[in-house]
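**Student:** Following our numbering, the numbering of the sequence shown begins with 63 at its first residue and continues without gaps.
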Amino acid sequence: MPTHVPAEAHGDERGALLSFVEAQRAGLRRAVLGLTEEQATSRPSASALSLGGLIKHVAETELNWLRMAQQVPNEKQRDQSNWHESFQLLGDETTEGMLAFFAEVAAETEEFIRKVPSLDDTFPLPPAPWFPKDGRVSMRWLMMHLVEETARHAGHADIIRESLDGKTAFELVDLANG
């Protein structure tokens with residue numbers, strides 16, 4: 063763990079969950095520090111993943127979960143025909159643009175979670191083979207899932223970045239802190 067993640071105040075579960083997901087987002091952002099666009103979109107490992115593509119995917123995934131929790135349509139909804147595009151920067155998309163989009167989604171998630179009456183409030187899961195029929199999850203579950211999902215991809219980003227120039231997560235924390 064390259065950073066310590068405190069709750070905002072003792073016993074502040076909501077603040078702690080928001081802090082943990084933000085710590086993982088920060089790992090993704092740090093992974094592109096000091097890189098050129100060419101480096102951020104390159105695929106230096108056996109994987110088809112790039113750092114810019116990972117940032118896009120995590121931002122779109124968080125937005126999708128946020129829209130499910132809000133129970134409103136997702137303006138960036140993906141399906142089987144274009145799911146792979148969530149991992150690629152296409153057209154005029156840039157890593158800088160994806161970082162800005164990611165920041166917007168993060169701010170919207172934080173605002174929503176801070177305003178939801180209770181972390182025990184639930185929302186329905188969409189019909190899918192991997193979800194239980196008529197399944198529901200809580201806002202607490204949502205936040206824990208965002209920590210899990212973002213951390214998984216932050217780990218991928220660590221490997222990709224180290225493959226690019228040898229910099230590790232600890233070195234990137236130092237770089238980010240000046």
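Cβ coordinates follow ideal geometry from the N, Cα and C atoms, glycine included.
For A213, collect the residues of the same chain with a Cβ closer than 6 Å to its Cβ; drop the 5 residues on either side in sequence, then sort them by chain order.
**Tutor:** Here residue 213 is taken as the residue at index 151 of the sequence shown, counted from 1. Closer than 6 Å at the Cβ level, and outside the excluded window around A213, lie Q86.
**Student:** Is it true that the CB of G96 sits closer than 9 Å to the CB of Q150?
**Tutor:** For the purposes of this step, residue 150 is identified with residue 88 of the sequence shown, where counting begins at 1. For the purposes of this step, residue 96 is identified with residue 34 of the sequence shown, where counting begins at 1. No, the Cβ-Cβ distance between Q150 and G96 is not below 9 Å.
**Student:** From the DSSP secondary-structure annotation, give me the bridge partner or partners of V199.
**Tutor:** The residue you call residue 199 lines up with position 137 of the sequence shown. V199 is bridged to F185.
**Student:** Our contact map puts L113 next to I222 with C-beta atoms below 8 Å; I'd like the distance itself, whole angstroms only.
**Tutor:** In the sequence shown, the residue the question calls residue 113 occupies position 51. In the sequence shown, the residue the question calls residue 222 occupies position 160. Between I222 and L113 the Cβ distance is about 6 Å, and since that is below 8 Å, they are a contact.
**Student:** Compare the C-alpha of S107 against each of V235, H218, M205 and T230 and name the closest.
**Tutor:** The residue given as residue 107 occupies position 45 in the sequence shown. Of the listed residues, the one whose Cα sits closest to S107 is H218.
**Student:** What separation, rounded to the nearest whole angstrom, lies between the Cα atoms of P189 and H119?
**Tutor:** Start at 1 with the first residue of the sequence shown, and residue 189 comes out as number 127. Start at 1 with the first residue of the sequence shown, and residue 119 comes out as number 57. Cα to Cα, P189 sits roughly 21 Å from H119.
**Student:** Would you kindly report the start and end of the unbroken alpha helix (DSSP H) that includes H119?
**Tutor:** Along the sequence shown, one-based indexing puts residue 119 at 57. Note, H119: alpha helix (DSSP H), L113 to Q132.
**Student:** Using only alpha-carbon positions, find the residue among A238, A78, L79 and L90 that is nearest to A162.
**Tutor:** The residue labelled residue 162 in the question sits at position 100 within the sequence shown. Among A238, A78, L79 and L90, the Cα nearest to that of A162 is on L90.
**Student:** Count the other CB atoms within 10 Å of the CB of E75; is the residue buried (16 or more) or exposed (fewer)?
**Tutor:** The count along the sequence shown starts at 1 and reaches residue 75 at position 13. Exposed: under 16 other Cβ atoms inside 10 Å.
**Student:** Between the stretch 193–201 and the stretch 177–185, do at least 3 Cβ pairs fall closer than 8 Å?
**Tutor:** Output reads yes: the stretch 177–185 touches the stretch 193–201.
**Student:** Taking all protein chains shown into account, decide if R176 is buried (16 or more other Cβ within 10 angstroms of its Cβ) or exposed.
**Tutor:** Taking the sequence shown and counting its residues from 1, the one referred to as residue 176 is at position 114. Flag for R176 reads exposed.
**Student:** Can you tell me the Cβ-Cβ gap for L234 and S104, rounded? I've got them flagged as a contact below 8 Å.
**Tutor:** Taking the first residue of the sequence shown as position 1, residue 234 is located at position 172. Taking the first residue of the sequence shown as position 1, residue 104 is located at position 42. With a Cβ gap of about 17 Å, L234 and S104 do not count as contacting.
**Student:** Count the other CB atoms, across all protein chains shown, that sit within 10 Å of the CB of W192; report buried if there are 16 or more and exposed otherwise.
**Tutor:** Along the sequence shown, read from residue 1 onward, the residue named residue 192 stands at position 130. Classification of W192: exposed, given that the 10 Å Cβ count is below 16.
**Student:** Going by C-alpha to C-alpha distance, which of V167, A110 and A102 sits closest to K138?
**Tutor:** Mapped onto the sequence shown, residue 138 falls at position 76. Checking every option, the nearest Cα to that of K138 belongs to V167.
**Student:** For A165, count neighbouring C-beta atoms within 10 Å of its own C-beta (all shown protein chains included) and say buried if the count is 16 or more, exposed if not.
**Tutor:** As a position in the sequence shown, residue 165 is number 103, starting the count at 1. A165 is exposed by the Cβ-count criterion.
**Student:** Give me the Cβ distance between V94 and T171, rounded to the nearest whole Å; I'm assuming they're in contact under 8 Å.
**Tutor:** Residue mapping note: residue 94 aligns to position 32 of the sequence shown, counting from 1. Residue mapping note: residue 171 aligns to position 109 of the sequence shown, counting from 1. Incorrect: roughly 20 Å between the Cβ atoms, too far for contact.
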